[in-house]
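Asker: Quick one: this structure, given as structure tokens, is what I'll be asking you about.
Numbering (the working numbering), first residue to last: 3 to 159.
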């Protein structure tokens, strides 16, 4: 039962961290040769695709996590590796999009989201750590990152 609760907590944290709220901060100046609106549209589309894909992978993995037996160390290690890999790929994708973003608020939100995912990965050392890793995604920094992205992109799945 504890594993089901930990898995559910991780899933809820990821869904919450994927994007929420709105922000009213103004963007900084960008070189006139860059069409910020067109760039943001492209980066937002890629970010939404990345988030949907990562969440799909994670939800598929969470179903498997729930079936791991407490005495099956090999299965636990595979599960840990799978979740860490998903978060790492997700963070890498967010950093790639941040590198493309012309809007400073979007760039900052993407960078902060990547850092939050990397923090979560660093916290996962044991199977029971999966619950705490979800908490790393459900914090004020990640919420602010989501707001920055949503200001430019709208709701991110």
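All residues carry an ideal CB built from backbone N, CA and C; glycine is no exception.
Computed from a predicted model, the values in this text were never measured in an experiment.
#1: Please name the residue, chosen from 81, 88, 78 and 129, that lies closest to residue 53 on a Cα-to-Cα basis.
#2: Please return the same chain residues whose Cβ sits closer than 7 Å to the Cβ of residue 125, not counting the five positions on each side in sequence.
#3: When the Cα atoms are used, what is the spatial distance from residue 106 to residue 49?
#4: How is residue 71 classed by DSSP in three states: helix, strand or coil?
#5: Near residue 100, what residues of its chain come up, given a Cβ to Cβ distance below 6 Å and the 5 sequence neighbours on each side ignored?
#6: What's the call for residue 83, buried or exposed, on a 16-neighbour Cβ count within 10 Å?
#7: Under the rule that 16 or more other beta-carbon atoms within 10 Å means buried, what is residue 56, buried or exposed?
Answerer: The structure says:
#1: The sequence position of residue 53 within the chain shown is 51, counting from 1. It is 88.
#2: Walking along the chain shown from the start, residue 125 turns up at place 123. Excluding sequence neighbours, residue 125 sits near 131, 134, 135 and 138.
#3: Counting from 1 along the chain shown, the entry for residue 106 is found at position 104. Counting from 1 along the chain shown, the entry for residue 49 is found at position 47. If I take the Cα positions, the gap works out to 15 Å.
#4: Within the chain shown, numbered from 1, the residue matching residue 71 stands at position 69. Three-state result, residue 71: coil.
#5: For the purposes of this step, residue 100 is taken as residue 98 along the chain shown, with counting starting at 1. Answer for residue 100: 109, 112 and 113, listed in chain order.
#6: Mapped onto the chain shown, residue 83 falls at position 81. With fewer than 16 Cβ atoms within 10 Å of its Cβ, residue 83 is classed as exposed.
#7: In the chain shown, residue 56 corresponds to position 54, counting from 1. The residue in question, residue 56, is buried, as its Cβ has 16 or more Cβ neighbours within 10 Å.
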